[in-house]
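Visitor:
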Amino acid sequence: MERVQKALIRRDLQKKMVLLAGPRQAGKTTLAKEIADEFDSSVYLTYDHLEDRRMILEEAWLPSVELIILDEIHKMPNWKNYLKGVYDTKKPHQKVLVTGSARLEIFQQVGDSLAGRYFLHRLFPLSPVECKKAGVDYSIDHFLERGGFPEPFLAENSTDAKRWRQQYVDSLLRIDVLDFENIHNLNAIRVLFELLRDRVGSPVSYTSLAEDVAISPNTVKKYIQILEALYIVFKVTPFSRSIARSILKEPKIYFFDTGLVKGDQGIKFENFVAGCLLKHVHARIDYHGENAALRYLQTKERQEVDFALVIEDQIEKMIEVKHSHTQVGSGLRYFKQKYQLPAMQLVKELKREKVEEGIEIRNGRHFLERLDL
1483 MERVQKALIR RDLQKKMVLL AGPRQAGKTT LAKEIADEFD SSVYLTYDHL EDRRMILEEA
1543 WLPSVELIIL DEIHKMPNWK NYLKGVYDTK KPHQKVLVTG SARLEIFQQV GDSLAGRYFL
1603 HRLFPLSPVE CKKAGVDYSI DHFLERGGFP EPFLAENSTD AKRWRQQYVD SLLRIDVLDF
1663 ENIHNLNAIR VLFELLRDRV GSPVSYTSLA EDVAISPNTV KKYIQILEAL YIVFKVTPFS
1723 RSIARSILKE PKIYFFDTGL VKGDQGIKFE NFVAGCLLKH VHARIDYHGE NAALRYLQTK
1783 ERQEVDFALV IEDQIEKMIE VKHSHTQVGS GLRYFKQKYQ LPAMQLVKEL KREKVEEGIE
1843 IRNGRHFLER LDL
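Be aware that the sequence shown starts at 1483, since it is given in my numbering, and climbs by one per residue.
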């Protein structure tokens, strides 16, 4: 199944180095090797393998090689300076593709030694628009059960998908977290991980979580930041034109793997939509250079809308997610009447789309299949 990023990465490699980030097992290695097949010569080296590590440190690839693929290089001390050296001294015909299962974009900051030398691409789990483009038959229920990671999504049966997920979670929490940072209380981050699975879609309090896990609120915040950096969870914060106020308010937590979410089908569908919207937002950032963000709306009186697509600090669309209710949610109605912003209610089980009180009532599958990536 060809990913939509393939042609875009191929194009960007002609201009700069490409950093390809995303969750573990989202398909980065497969995509990188498919791209490599389109070059006459390439080398694939991962920092996780000792022999490859030696070649990486010595830059021991042939001068004639056309594509250099470096995987998990962010685990290397001073990796940005290393990549700067590789890029600045490579032969004119050589292209550099860097892949990693941690958020490489967290290093996009002032003083970044790679500034101006790369394009960032993010590869997330599969979504309806990709299935439609590839002619792959699917159902929303299949996504909610299996998640969008290629192996469980395409597995022959549910048992194989469950076995994959069990090994995946164990690997994330036992290996990836420790690789990323030296955690003294690994059991605490496991307990926090399980608690978050139960609290998807609700604003979370670091203080409340801290009491449940028996650690400090600051430690809870730090652990969630680690889970974010490893593409295990992502936060959606309330919309506010004051960034400081938005950060202080309680975030909602969602999982990149919808198959990890505990709760009813409605919660799982909300998580799935959140992932698709995040993918859309990052496509607008990475490929169109837009200032885009995914937020939610909430008043002091607890009137709430699940999501708001924010472009250039302006709300482009408000989106409420429902499993089967077609009646417009009270929060969405409130914000529509007060601010007259474009509004949509996305319903998983919907036979007939309509407009009610100026609010679009849309079929979830139809909308997600048309969401630009």
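The beta carbon of each residue, even a glycine, is placed where N, CA and C say it ideally should be.
These numbers were taken from a predicted model, which means no experiment stands behind them.
Are the CB atoms of Glu-1851 and Val-1611 nearer to each other than 8 angstroms?
Guide: Position 369 of the sequence shown, counting from 1, holds the residue named residue 1851. Position 129 of the sequence shown, counting from 1, holds the residue named residue 1611. It is a contact, given that the beta carbons lie within the stated cut-off.
Visitor: Quick test of the definition: if touching needs 3 or more C-beta pairs under 8 angstroms, does the region 1654 to 1671 touch the region 1627 to 1645?
Guide: no
Visitor: So, with DSSP's three-state summary, where would you put His-1624?
Guide: Sequence index remark: in the sequence shown, residue 1624 carries index 142 (1-based). Here His-1624 sits in helix by DSSP.
Visitor: Cα separation between Gly-1629 and Gly-1598?
Guide: By 1-based counting over the sequence shown, the position of residue 1629 is 147. By 1-based counting over the sequence shown, the position of residue 1598 is 116. Using only the alpha carbons, I get a separation of about 35 angstroms.
Visitor: Leaving aside the five residues before and after Ala-1790 along the sequence, list all residues of the same chain whose C-beta is less than 6 angstroms from its C-beta, in chain order.
Guide: Indexing the sequence shown from 1 puts residue 1790 at position 308. Around Ala-1790: Phe-1721, Arg-1777, Leu-1779, Ile-1797 and Met-1800.
Visitor: In its own chain, which residues sit with a C-beta less than 8 angstroms from the C-beta of His-1848, not counting the 5 before and 5 after it?
Guide: Taking the sequence shown and counting its residues from 1, one reaches residue 1848 at position 366. For His-1848, where only same-chain residues beyond five positions count, the Cβ hits under 8 angstroms are Glu-1835.
Visitor: Would you tell me roughly how many angstroms separate the C-alpha atoms of Gln-1747 and Ile-1622, rounded to the nearest one?
Guide: Residue numbering aside, residue 1747 sits at position 265 when the sequence shown is read from its first letter. Residue numbering aside, residue 1622 sits at position 140 when the sequence shown is read from its first letter. Looking at the two C-alpha atoms, the distance is approximately 10 angstroms.
Visitor: Give the straight-line distance between the Cα atoms of Asn-1563 and Ile-1697, rounded to the nearest whole angstrom.
Guide: As a working note, residue 1563 is residue 81 in the sequence shown. As a working note, residue 1697 is residue 215 in the sequence shown. Approximately 36 angstroms, taken between the alpha carbons.
Visitor: Taking 8 angstroms as the cut-off, decide whether the C-beta atoms of Leu-1502 and Leu-1579 are in contact.
Guide: The sequence position of residue 1502 within the sequence shown is 20, counting from 1. The sequence position of residue 1579 within the sequence shown is 97, counting from 1. Contact flag set, yes.
Visitor: So for Asn-1845, helix, strand or coil by DSSP?
Guide: Translated into positions along the sequence shown, residue 1845 becomes position 363. Secondary structure of Asn-1845 (DSSP, three-state): strand.
Visitor: Looking only at its own chain, which residues have a Cβ that is under 7 angstroms from the Cβ of Leu-1823, when we skip the five neighbours before and after it?
Guide: Numbered from its first residue, the sequence shown carries residue 1823 at position 341. Around Leu-1823: Ile-1797, Met-1800 and Phe-1817.
Visitor: Is Pro-1685 helix, strand or coil by DSSP?
Guide: For the purposes of this step, residue 1685 is identified with residue 203 of the sequence shown, where counting begins at 1. DSSP places Pro-1685 in the strand class (E or B) of the three-state scheme.
Visitor: Note down, in chain order, each residue of its chain lying with its Cβ closer than 8 angstroms to the Cβ of Ser-1543, except the 5 sequence neighbours on either side.
Guide: As a first step, residue 1543 is located in the sequence shown; it is residue number 61 there, counting from the start. Here the sequence assigns Trp to residue 1543, which means Ser is not the residue at that position. So the qualifying residues of the chain are Val-1525, Leu-1527, Met-1537 and Ile-1550.
Visitor: Identify every residue that forms a DSSP beta bridge with Pro-1720.
Guide: As a first step, residue 1720 is located in the sequence shown; it is residue number 238 there, counting from the start. Pro-1720 is bridged to Tyr-1778.
Visitor: Do you know how far the Cα of Phe-1662 is from the Cα of Ile-1555?
Guide: Here residue 1555 is taken as the residue at index 73 of the sequence shown, counted from 1. Here residue 1662 is taken as the residue at index 180 of the sequence shown, counted from 1. Taking the straight line joining both Cα atoms gives about 12 angstroms.
Visitor: Suppose you measure from the CA of Pro-1699 to the CA of Arg-1672; what does that come to, to the nearest Å?
Guide: Walking along the sequence shown from the start, residue 1699 turns up at place 217. Walking along the sequence shown from the start, residue 1672 turns up at place 190. Whole-angstrom Cα-Cα distance: 16 angstroms.
Visitor: Take every Cβ of the region 1645 to 1659, pair it with every Cβ of the region 1504 to 1511, and state whether three or more of those distances are shorter than 8 angstroms.
Guide: yes
Visitor: With a 10 Å radius around its C-beta and 16 neighbouring C-beta atoms as the bar for buried, classify Gly-1846 as buried or exposed.
Guide: Counting from one through the sequence shown, the residue named residue 1846 turns up at place 364. That one is buried.
Visitor: Note the first and the last residue of the continuous beta strand (DSSP E) segment covering Ser-1524.
Guide: The residue labelled residue 1524 in the question sits at position 42 within the sequence shown. Run containing Ser-1524: 1524 to 1528, per the beta strand (DSSP E) assignment.
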